[in-house]
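Single-structure report; data block below.
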Amino acid sequence: MMSTAAPDPVELLAWYAEMGVTEALDETPHDHFMEAPQPAATRPAPPQLVRATAAAARPALPATATAPDDAALTARTMAQQATTLDELKEALAQFEGCALKATAKNLVFSDGNPAARLMLVGEAPGADEDRIGLPFVGRSGQLLDRMLAAIGLNRKEHVYIANLLPWRPPGNRTPTPQEVAICLPFIQRQIQLANPDILVCIGAPSAQGLLGLTGILASRGKWLEYDTGTRRIRAMATLHPAYLLRQPLQKRLAWRDLRALKAALDAKT
Ligand code: URA
C-alpha cells in the first residue's frame with residue numbers, strides 16, 4: 004500500500020534541487036488548488052501588465068531587449084567597441100539586450116590568467132557561479148581543476164576561463180538558441196582580446212556555439228581551427244565536467260582529450 008505520510012522536507016528539497024527548482028518565487032507558499040476561482044472583473048492582471056510592473060522597478064530596457072536580431076546587433080557593436088577585456092566586461096555590465104541578466108544575481112565574466120595560452124569556454128554559470136560571480140567554482144569547477152592539475156595546469160597561471168553565456172539561465176536550463184545568438188558577439192570578442200593559442204570548448208552548447216559542432220560525443224577530442232578574427236588558433240571540444248560527474252566512465256574520453264591538449268601545449272612552448 005502507498006504511504007500517505009508527509010514527505011521528509013530535506014528529501015523534498017533535495018528532489019526540487021535535482022529537478023532544477025532552485026529559486027523561491029515568493030515569500031509565502033500558495034496552494035493554487037485551494038484558491039477560489041475569481042470573477043473575471045477581479046482576476047489578476049494579465050501577464051503583460053505583470054511584466055510591465057516588474058520592468059518599472061529596473062531601468063527601462065532599450066528596444067533591443069524585445070528584438071533578438073537587434074539585440075545581437077547591439078551586442079556586436081558594443082563588443083567591437085571594447086578594446087580591452089576590462090572594457091568588454093563593462094560593456095556586458097551595461098548591455099540590456101539579454102533577458103537572462105534580469106534573473107541572474109551576478110555577471111560571470113572570467114577567471115584565471117587572461118594572458119594564458121589556453122582558454123576554456125564553458126556553457127553558462129550555475130547557482131554557485133551566479134552567487135560568487137566567477138566561472139566554474141561549483142562541483143563541476145572542482146572537477147575541472149582536478150582535470151587540469153592532472154596535466155600540470157592550474158587556473159591561476161595556465162588557463163583563462165569564461166562561458167558562452169555570462170548570466171545564469173534560471174534553474175540551470177539549457178540556454179535557448181536566441182540567448183546564445185545574443186551573447187555570442189561578446190564571447191567571440193573575449194576570445195579575440197584574450198588571444199590564446201588554444202581554445203577548448205567545454206560541453207555541447209559551447210562546442211556548437213563557437214565551433215559549429217553537433218554531437219559532442221562524436222566531435223570531442225578533434226583538433227579544428229578557430230578564426231578569432233585576427234588569427235587562426237587550434238580549437239577542440241571536450242566533455243563537460245557536469246556530464247562526467249553523472250557518467251564517470253566517460254572520464255576515460257576526457258582523459259584522452261586532456262593528453263592531446265597537453266601534447267599541443269608542449270609542442271608550442
Ligand atoms: N558549468 C559551466 O559550463 N560553466 C560554469 O561556469 C559552471 C558550470
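Just so you know, our numbering puts 181 at position 178 of the sequence shown, and the rest follows in order with no gaps.
Every residue, glycine too, gets a C-beta built ideally from N, C-alpha and C.
Whole angstroms is fine: what's the gap from Arg-192's alpha carbon to Ala-78's?
-> For the purposes of this step, residue 192 is taken as the residue at position 189 of the sequence shown. For the purposes of this step, residue 78 is taken as the residue at position 75 of the sequence shown. Rounded to the nearest angstrom, the two C-alpha atoms are 10 Å apart.
Segments of 3+ residues assigned as beta strand (DSSP E) that fall wholly inside the stretch 129 to 186 = 162 to 166
Evaluate the contact criterion for the stretch 229 to 238 versus the stretch 145 to 156: three or more CB pairs, one atom per stretch, below 8 Å.
-> no
Could you tell me the distance, in whole angstroms, from the CA atom of Ile-185 to the CA atom of Gly-125?
-> Counting from 1 along the sequence shown, the entry for residue 185 is found at position 182. Counting from 1 along the sequence shown, the entry for residue 125 is found at position 122. Here the alpha carbons of Gly-125 and Ile-185 stand approximately 16 Å from one another.
Which residues share a DSSP beta bridge with Gly-115?
-> Residue numbering aside, residue 115 sits at position 112 when the sequence shown is read from its first letter. DSSP output for Gly-115 lists Tyr-163 as bridge partner(s).
Give a single yes or no on whether Ser-222 has its beta carbon closer than 7 Å to a heavy atom of the ligand URA.
-> Locating residue 222 in the sequence shown gives position 219, where the first residue counts as 1. The answer is no for Ser-222.
Hey, His-161 and Ala-119: beta-carbon distance below 8 Å or not?
-> Here residue 161 corresponds to residue number 158 of the sequence shown, with the count starting at 1. Here residue 119 corresponds to residue number 116 of the sequence shown, with the count starting at 1. Between His-161 and Ala-119, the CB-CB gap stays under 8 Å.
Closer than 7 Å: Pro-128 CB and nearest the ligand URA heavy atom = Working through the sequence shown from its first residue, we reach residue 128 at position 125. Yes, the beta carbon of Pro-128 sits closer than 7 Å to at least one heavy atom of the ligand URA.
Should Arg-171 go down as buried or exposed, given a rule of 16 or more other Cβ atoms within 10 Å for buried?
-> As a first step, residue 171 must be located in the sequence shown, where it is residue number 168. Buried, since its Cβ has 16 or more Cβ neighbours within 10 Å.
Does the Cβ of Phe-98 lie closer than 7 Å to at least one heavy atom of the ligand URA?
-> What you label residue 98 is simply residue 95 of the sequence shown in a count that begins at 1. No, Cβ of Phe-98 sits at least 7 Å from all heavy atoms of the ligand URA.
Regarding Asn-166 and the ligand URA, is the C-beta to nearest heavy atom distance less than 7 Å?
-> What you label residue 166 is simply residue 163 of the sequence shown in a count that begins at 1. Asn-166 Cβ: within cutoff of the ligand URA.
Those runs of the beta strand (DSSP E) which lie wholly inside the stretch 218 to 267 and span at least 3 residues = 227 to 230 and 235 to 241
Backbone CA spacing between Leu-202 and Leu-227 [nearest angstrom] = Residue 202 sits at position 199 when you count from the first residue of the sequence shown. Residue 227 sits at position 224 when you count from the first residue of the sequence shown. Approximately 10 Å between the Cα atoms of the pair.
For the stretch 66 to 108, list the alpha helix (DSSP H) runs that are entirely contained and at least 4 residues long, ordered along the chain.
-> If we require 4 residues or more, the alpha helix (DSSP H) runs fully inside the stretch 66 to 108 come out as 71 to 84, 88 to 97 and 103 to 106.
So does Val-183 have its beta carbon nearer than 7 Å to some heavy atom of the ligand URA?
-> Along the sequence shown, one-based indexing puts residue 183 at 180. For the ligand URA, not one heavy atom lies less than 7 Å from the Cβ of Val-183.
Looking at Glu-160 and the ligand URA, is the gap between the Cβ and the nearest heavy atom below 7 Å?
-> In the sequence shown, counting from the first residue as 1, residue 160 sits at position 157. No - the ligand URA has no heavy atom lying nearer than 7 Å to the Cβ of Glu-160.
Which one of Leu-167, Pro-169 and Pro-138 has the shortest CA to CA distance from Lys-159?
-> Walking along the sequence shown from the start, residue 159 turns up at place 156. Comparing Cα positions, the closest option is Pro-138.
Residues that Ile-205 bridges to, as DSSP identifies them | By one-based count along the sequence shown, residue 205 stands at place 202. BP columns for Ile-205 point to Thr-241.
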